[in-house]
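Residue numbers (my numbering): 126 to 424. Here the structure comes first, spelled out in C-alpha cells, and everything after it is commentary.
Rendered as C-alpha cells:
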C-alpha cells in the first residue's frame, strides 16, 4: 500500500560554530503526496493530490463538503480500485463510492472531472455559484459559548498530536474538539475540550475532509458544540467545509481571507484567526467567545 512518508538521501547544509557552511549527506523523511481519484458508482468524480492514509474518510468528507451526502447511510459501499503503477507495484489511488440511487442522481449535477491540487480543493470547479452551497445545517442556531483561554490552548493541543509533521515538517493538520456543556462520562469538565479526531495531510482541505469523514462514519453530523482547529490560514474553502458539517466555531493559526470572513458571517460561523496561543482575532460570531470565566467576571 502507498505510504504517508518516504526516505530520501539529501545534502543538509548548516552553519558551524566558526560561521562556515558545512554539507552533510544524510537521509531525510519526506511526506508522501499521491493522486487520489474519487469515483461515484464507477464514474470519475474528482482527482486530488493527498497524503495517503484515511482515504475513505477523506472521500466521505469531500462528498459532505460538496453537498452530496449528509448521512453515513447514503454510502452503500466504499472500496479501492487498485491497479499496477509504472513501477510495477500495486497502488491504492482510486476509491469507488457506491451511493444510494437518490444521492447518485444528485451527484450528477455536481460532477467535477478536472484536476484538483493539494493546495486548492475547489480550483477548477464548474462554477463559482456551485461552490457557494447552502449547508443543510444552521451553525447560527448553535448555542455554544466557549472560553477564550480554552480556544487559545487548541493550537498547542493540535500540535502535540501532529506526529507526521514532527517527522517531516511538511503537512497541515485539522482537529475536532467537542465542548462539553456539563461534565460527561469521559470526565471532561464543563466547557473543557475533548479531542475527537486529528488528521494530517499535505493539503489543508484534505485534513478537514478527513476529520469530517470520520465524524460522518460515527454519525456525529451535524457537529454541534464543536470547534474545528486548523494549522493553516482560514481560506474560504475551509470555512465552507466547516459550515457544511454544521461546525459552529473554527479557529486557525493564521489569517482568514475576506471571502472566508464574509461566508462565516453570512452563515453564522464563529471564525477565529491568528490563534497563536497568546492572543487571537475574532472575525465573526463574537457572541460565542467569552473572555473570562463566570467566576472571574464576578471579581
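C-beta atoms are modelled at their ideal positions from N, C-alpha and C, and glycine is treated no differently.
C-beta atoms of residue i and residue j nearer than 8 Å
i           : j           : result
residue 353 : residue 299 : yes
residue 177 : residue 129 : yes
residue 389 : residue 370 : no
residue 296 : residue 156 : yes
residue 323 : residue 283 : yes
residue 164 : residue 220 : yes
Nearest-angstrom Cα separation, counted from residue j out to residue i
i           : j           : result
residue 367 : residue 224 : 23 Å
residue 234 : residue 338 : 22 Å
residue 141 : residue 403 : 33 Å
residue 271 : residue 287 : 24 Å
residue 373 : residue 306 : 14 Å
residue 278 : residue 342 : 27 Å
residue 254 : residue 293 : Its pLDDT being 47, under 50, residue 254 is placed unreliably in this model, and the value from its coordinates should be taken loosely. When rounded, the distance between both Cα atoms is 37 Å.
residue 239 : residue 333 : Residue placement at residue 239 is poorly supported in this model, since its pLDDT is 40, which falls under 50; the coordinates still yield a value, given next. The straight-line gap from Cα to Cα measures roughly 21 Å.
residue 268 : residue 346 : 16 Å
residue 162 : residue 191 : 15 Å
residue 399 : residue 226 : 43 Å
residue 391 : residue 358 : 19 Å
residue 383 : residue 169 : 33 Å
residue 326 : residue 179 : 10 Å
residue 281 : residue 361 : 24 Å
residue 171 : residue 186 : 13 Å
residue 137 : residue 159 : 25 Å
residue 218 : residue 205 : 7 Å
residue 285 : residue 215 : 34 Å
residue 266 : residue 260 : 13 Å
residue 291 : residue 154 : 10 Å
residue 252 : residue 232 : For residue 252, the predicted structure reports a pLDDT of 39, less than 50, and the residue's modelled location is therefore unreliable. A value from the coordinates is still provided. Cα to Cα, the separation comes out at about 15 Å.
residue 375 : residue 328 : 17 Å
residue 262 : residue 316 : 23 Å
residue 68  : residue 412 : Nothing in the structure corresponds to residue 68, since the chain is present only between 126 and 424.
residue 256 : residue 173 : In this prediction, residue 256 scores a pLDDT of 46, lower than 50, which makes its location untrustworthy; no coordinate-derived value is stated.
residue 250 : residue 365 : Legend: pLDDT at residue 250 = 47, less than 50; position of this residue unreliable, no value from coordinates given.
residue 304 : residue 181 : 26 Å
residue 199 : residue 146 : 58 Å
residue 410 : residue 144 : 51 Å
residue 289 : residue 387 : 33 Å
residue 401 : residue 318 : 17 Å
residue 344 : residue 222 : 18 Å
Presumed contact (8 Å Cβ cut-off) between residue i and residue j, rounded CB distance
i           : j           : result
residue 355 : residue 377 : 5 Å
residue 414 : residue 273 : 6 Å
residue 408 : residue 396 : 5 Å
residue 183 : residue 331 : 6 Å
residue 132 : residue 152 : 5 Å
residue 276 : residue 380 : No, residue 276 and residue 380 are not in contact; Cβ-Cβ is about 16 Å, not under 8 Å.
residue 351 : residue 301 : 6 Å
residue 188 : residue 194 : 5 Å
residue 134 : residue 150 : 7 Å
residue 166 : residue 230 : Not confirmed; about 10 Å, so no contact.
If we require 3 or more residues per run, which beta strand (DSSP E) segments fall completely within the segment 347-402?
351-355, 374-377, 395-398
In chain order, which beta strand (DSSP E) runs of at least 3 residues are fully inside the segment 128-160?
130-140, 146-156
Secondary structure, alpha helix (DSSP H): runs of 4+ residues fully inside the segment 258-306:
273-277, 279-284, 288-293
Please give me, in chain order, every unbroken run of the beta strand (DSSP E) with length at least 3 that falls completely inside the segment 183-239.
200-205, 219-224
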